[in-house]
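Beneath this line is the structure, given in structure tokens, with notes to follow.
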Amino acid sequence: MFGLTAEAGERRYAVLLGVNQGDPSEVVLRFAEDDADRVGRVLADVGDFRPEDQVVLRRTDRRRVLEALASLGRHIEADRAADPDASALLVVYYSGHADSTALHLGGSRLSFAELTEAVEAMPVDVRVLIVDACRSGGLTRVKGATPAEPFAISTEDRLAASGTAIITSSSAGEDAQESDELGGGVFTHHLVAGLLGAADASDDGAVTLTEAYRYAYAQTLRSTSLQPVVQHPTYAFELRGKDDLVLTRPREVAVRGVVGISEAGTYLVFEAERGGRLVAELELGGPGTIALLPGRYLIRRRDADHVREAEIAVDSSAMVPLDAEAMSVMPYGWTARRGQASRRRAAFALLAGGGVSGEALKGLGLAPVGTLGARIDLPAIVLGVRGRYAASSSQNQAVVLRQRELGADLTVLRLFDLGRVAPGLGLRGGLERVSQSFASKGRAPDRVATVGRVGPLLRVELAPAARLAIAFDVGADAVMAPVRGPVSEVVELSTSVVPYAGAELVLYAF
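Here the sequence shown is numbered in the numbering used here, starting from 847 and rising by one per residue.
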């Protein structure tokens, strides 16, 4: 796993710009400066960009950017004078605000024309300019660059050993998007994942610029496809030669471990030790790898109707294999409620349970209750319908009273998934047919009435297996029953509060 990314005799340089504050009227971004740091770390770890050959600027302005480029140019000239045969590559990355003509840098503006002129003046063989900003697609029209359709880059058009390439996170007129869940810009998140190995479509251990762009394009389009504005990264190049440009070699590094994933699929990689931060979202077309910093990670695979999960330990000494089929299947209800499956957005289950209900009438005592039903788990709520049967009795020296309740209810729940435990709260309401019979020395006719129930409930669900959950409920119902007069007409409604507790088995059909 040890080696160098750059070819012998090649020096790699990078300028990394992250600016959260654009013009005074623009909203302050949350992740632009962090994104610049993240790209710099990846280039250093798996791209052989040495720290002394990187310039990182945060909260900067036009003047300082141009001065930094000029200073780095002098540094490169000195390096090339010492080794005239060495080739040189420059990567310039920017994350922040922009419009169709300029970067917005803390109240100042750097036009795309100035930026590309300064980059093209650098004494290097290959220049790569990457801009993650709103409406940055205007760059691909600067100075006669030729835009290329994302998936129409033929082998003859692949990036060459010399020239200039420009990649932007959005086309002209589009907004580039940040994501709280991803903890950064959507495009940069996927670009970084691609550089760490997810973009290695040829499975040769090297990620080329073409592969990185194709991967970042496809994943950015997918991630933003349900948003009000779909984001289309753009690509333009003026390059010569026939060899593709290798940006990273994730399998040949000593500072990161490598996870080898056995099958194609969508994978989410979370830190297991620091609050579960999402590290990468990978879309693999076949077996693949990703380079990760040493630590423990939780990896989830999103299949069509379920999610698999595994926790792994990564160090820098060996490749960690991950067998997708050996990953444990997550509870189907959890998968549906969190919207994690790639296609299915609901889980259907059968219900069977029982419990005890408090006194509906004084003297009846606790009533055993049995229930049968079905439910559907959706991303926002859980809806359930049940049939309910309860029986209770009471007696004294004069009379024996037997009461039977048969009815149906509807439950609306909101569950909060904490691993395989899901506490929640809800509301349940329904109607019952209540019949009472009397055994006495005198004449006492049977009575039948329709009763309404409604009330809140608290629930905790445990999921010991993917298709099974065990639920525990407590609550209290307001029971509304008719009170009849001497000639049997209803004269008023009587309301009483009846507590209950129960348990239920939830068996997911799919």
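Quick reminder that beta carbons are idealized off the backbone N, C-alpha and C, glycines included.
Where residue i falls: helix, strand or coil (DSSP)
i	result
Arg897	Looking at the sequence itself, residue 897 is Pro, so the reference to Arg does not match. Three-state result, Pro897: helix.
Ile1145	strand
Glu1109	coil
Ser1342	strand
Gly1134	strand
Gly1051	coil
Val1032	helix
Arg1234	strand
Glu1119	coil
Ala1324	strand
Pro1140	coil
Pro969	coil
Val1297	strand
Pro1079	coil
Arg838	With the chain represented from 847 up to 1356, any question about residue 838 goes unanswered, as that position is not in the structure.
Leu857	Correcting the residue type first, residue 857 is Arg in the shown sequence and not Leu. Looking at Arg857 - three-state DSSP - the assignment turns out to be strand.
Ala1150	coil
Ala1355	coil
Backbone CA spacing between residue i and residue j [nearest angstrom]
i	j	result
Ala1357	Arg1260	Given a span of 847 to 1356 for the chain in the structure shown, any question on residue 1357 remains unanswerable.
Ala934	Met1173	44 Å
Ser917	Val911	10 Å
Ile976	Asp880	16 Å
Arg1146	Pro1177	13 Å
Val1099	Arg1148	28 Å
Gln1249	Gln1282	5 Å
Ala1347	Tyr940	59 Å
Val1125	Tyr1143	9 Å
Asp1169	Val1300	49 Å
Val827	Val1297	Residue 827 is absent from the structure shown; the chain starts at 847 and stops at 1356.
Glu1117	Asp931	43 Å
Ala1039	Ile1222	35 Å
Arg857	Asp899	9 Å
Ala948	Glu913	17 Å
Asp978	Gly942	7 Å
Thr1181	Ala1268	12 Å
Ala860	Glu1307	51 Å
Ala994	Arg1123	Confidence in Ala994 is poor, its pLDDT being 39 and thus under 50, which makes the residue's placement unreliable; the coordinate value appears in the next sentence. Each residue's Cα considered, the two are about 35 Å apart.
Ile1158	Ala1317	30 Å
Glu1044	Leu1037	Position check: residue 1044 holds Ala in this sequence, whereas Glu was assumed. Cα-Cα distance, rounded: 9 Å.
Ser982	Arg1154	Summary for Ser982: the model assigns pLDDT 48, below 50, so the residue's position carries little reliability; its value from the coordinates is reported in the next sentence. One C-alpha to the other measures close to 38 Å.
Gly1253	Ala1193	25 Å
Thr1080	Arg1266	42 Å
Gly1204	Val1280	15 Å
Residues that DSSP places opposite residue i in a beta bridge
i	result
Ala1285	Val1246
Arg1260	Leu1271
Val1228	Asp1223 and Leu1259
Phe1397	Any question about residue 1397 goes unanswered here, given that the chain covers just 847 to 1356.
Gly1103	Leu1138
Val1218	At residue 1218 the sequence reads Leu, which differs from the Val that was named. In DSSP, Leu1218 forms a bridge with Ala1198 and Gly1233.
Val1038	None, per the DSSP bridge assignment.
Leu1124	Phe1116
Ser957	Ala948
Leu863	Leu903 and Tyr940
Leu1213	One point to set straight first is that residue 1213 is Ala, not Leu, in the sequence displayed. For Ala1213, which the question treats as bridged, DSSP gives the partners Ser1203.
Classification of residue i by the beta-carbon crowding that lies within 10 angstroms, buried from 16 upward
i	result
Ala927	exposed
Phe958	buried
Thr1341	exposed
Leu985	Here Leu985 scores only 41 on pLDDT, less than 50, and its place in the model is too uncertain to base an answer on.
Leu862	buried
Ala889	Going by the sequence as given, residue 889 is Leu instead of Ala. When all chains shown are included, Leu889 counts as buried.
Gly855	exposed
Ala967	exposed
Val1092	buried
Leu956	buried
Glu1278	buried
C-beta neighbour in chain C for residue i, strict 9 Å
i	result
Val1325	The chain labelled as chain C is not found in the depicted structure, where only one protein chain is given.
Secondary structure, beta strand (DSSP E): runs of 3+ residues fully inside the region 872-955: When DSSP assignments are scanned along the region 872-955, the uninterrupted stretches of beta strand (DSSP E) that are 3 or more residues long and fall wholly within it turn out to be 900-904, 933-941 and 948-951.
Of all the beta strand (DSSP E) runs that stay within the bounds of the region 1162-1209, which reach a length of 3 or more residues? List check, beta strand (DSSP E) in window: 1165-1168 and 1193-1203.
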